[in-house]
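Under my numbering, the residues of the sequence shown are numbered 44 to 279, in order.
Here the structure is laid out as structure tokens; the discussion comes afterwards.
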Amino acid sequence: MNEPLDAIFGRRAVEVFDPVEISEGVREHILNAARRAPSSFNSQPYKFYWVQSAARKAAVAKLCMGQKPAETASALVVAVADLGSLSATAQGQLEWMRRSNFSEEKIRDYEQKAKIGRILFMPGPFGMFAAFKRAVFRLLNLWKVMGMPPLSRQDLFKWATKSTSLACQNLMIAAEALGMNTCPMEGFDGRRLSQFLGLSGRHHEIVMVIAIGKKSRAYNDPPQWRRPLDATVTVL
Ligand SMILES: Cc1cc2nc3c(=O)[nH]c(=O)nc-3n(C[C@H](O)[C@H](O)[C@H](O)COP(=O)(O)O)c2cc1C
44 MNEPLDAIFG RRAVEVFDPV EISEGVREHI LNAARRAPSS FNSQPYKFYW VQSAARKAAV
104 AKLCMGQKPA ETASALVVAV ADLGSLSATA QGQLEWMRRS NFSEEKIRDY EQKAKIGRIL
164 FMPGPFGMFA AFKRAVFRLL NLWKVMGMPP LSRQDLFKWA TKSTSLACQN LMIAAEALGM
224 NTCPMEGFDG RRLSQFLGLS GRHHEIVMVI AIGKKSRAYN DPPQWRRPLD ATVTVL
């Protein structure tokens with residue numbers, strides 16, 4: 044096999060870690076791998092909190108209901124779907140395009156797309172704009188082949204969660220490739236953890252917490268079961 048496949052096939056959700064320190068270099072590598080993941084419109088609608096100080100880690104582990112992987116990990120990464128960063132990201136990409144001497148045509152094209160994106164992705168007060176957009180899109184869809192953009196705030200979080208999850212998977216595979224191990228967790232108190240991190244319910248939703256560390260030498264992975272390939276795949 045080759046290295047990426049080794050990391051993919053070798054990764055397990057590890058329940059107990061040994062206490063090891065993660066160097067700054069490895070931390071950066073892992074986080075850089077996360078943000079290289081593809082994202083819808085390259086919008087990167089997420090942010091990560093890398094929790095490593097003993098006191099904060101203990102507090103976050105408690106909010107992960109004291110789960111063993113959380114309590115024993117060297118670091119906990121809280122992955123957050125972030126709707127609040129969208130316009131700053133578009134602005135950042137535009138500035139980067141200008142600095143990188145993209146043609147005026149490409150820049151105008153991007154500006155146009157960003158503007159349309161802003162309009163499409165705006166649920167408006169009390170979701171009123173979402174209801175209007177839904178009606179317009181349903182009508183247009185009667186005779187035109189088209190995709191449905193995220194309409195409500197809930198749709199937007201679902202949309203952002205897809206890209207966030209891909210970044211999480213990149214993060215876990217990179218950790219594995221760098222000799223670390225992980226456990227993704229959705230067992231946490233989202234309300235208290237959001238409060239702890241100072242997140243806003245309007246813009247942020249915690250997607251998962253990833254425990255990172257070195258698998259305990261005393262821990263044995265249970266056998267790994269997956270549904271048969273033909274139960275998950277349809278070849279057409
Ligand atoms: C979204 C998500 C949430 C999960 N939540 C937890 C969790 O809260 N606690 C835990 O111990 N494992 C959790 N897991 C790990 C799964 O139990 C594990 O991936 C699954 O049993 C398959 O095992 P494997 O990853 O070792 O192949 C979660 C995995 C995913 C993808």
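Note that the Cβ used here is the ideal one computed from N, Cα and C, for glycine as well.
As the structure is a prediction and not an experimental result, all values here were calculated from the model.
Under the three-state reduction of DSSP output, E248 falls in the strand class.
For V179, the enclosing alpha helix (DSSP H) stretches over residues M171 to N184. Burial of R70 is indicated by the presence of at least 16 other C-beta atoms within 10 angstroms of its C-beta. Close to ligand 1, as judged by a C-beta nearer than 5 angstroms to any of its heavy atoms, are the residues R55, A56, P227, M228, E229, G230 and Q267, in chain order. In the three-state scheme derived from DSSP, where H, G and I count as helix and E and B as strand, F60 is classed as strand.
Per DSSP, the continuous alpha helix (DSSP H) segment holding D273 begins and ends at L272 to T275.
Judged by DSSP in its simplified three-state form, I162 adopts helix.
By the neighbour-count criterion, in which a residue is buried when 16 or more other Cβ atoms sit within 10 angstroms of its Cβ, N45 is exposed.
Between S82 and S206, the C-beta spacing is below 8 angstroms.
Just so you know, the alpha carbons of L242 and M251 end up roughly 14 angstroms apart. Using a Cβ distance threshold of 8 angstroms, D264 and L106 do not count as a contacting pair. Per DSSP, the unbroken alpha helix (DSSP H) holding D198 starts and ends at R196 to A220. Collapsing the DSSP output to three states places W139 in a helix. Using a Cβ distance threshold of 8 angstroms, A77 and N224 do not count as a contacting pair. Counting along the chain, the unbroken beta strand (DSSP E) around L119 starts and ends at A118 to D125. When the five nearest sequence neighbours on each side are left out, the beta carbons in the same chain lying within less than 6 angstroms of the beta carbon of D61 are those of K257 and S259, in order along the chain.
The residues A157, in chain order, have a CB closer than 6 angstroms to that of A133 in the same chain once the five nearest residues on each side in sequence are set aside.
The distance from the Cβ of A56 to that of P266 is about 13 angstroms, inconsistent with a contact at the 8 angstroms cut-off. Contact between the region 94 to 111 and the region 131 to 150 is absent: fewer than three C-beta pairs spanning the two stretches fall below 8 angstroms. In the DSSP secondary-structure assignment, F231 is not bridged to any residue.
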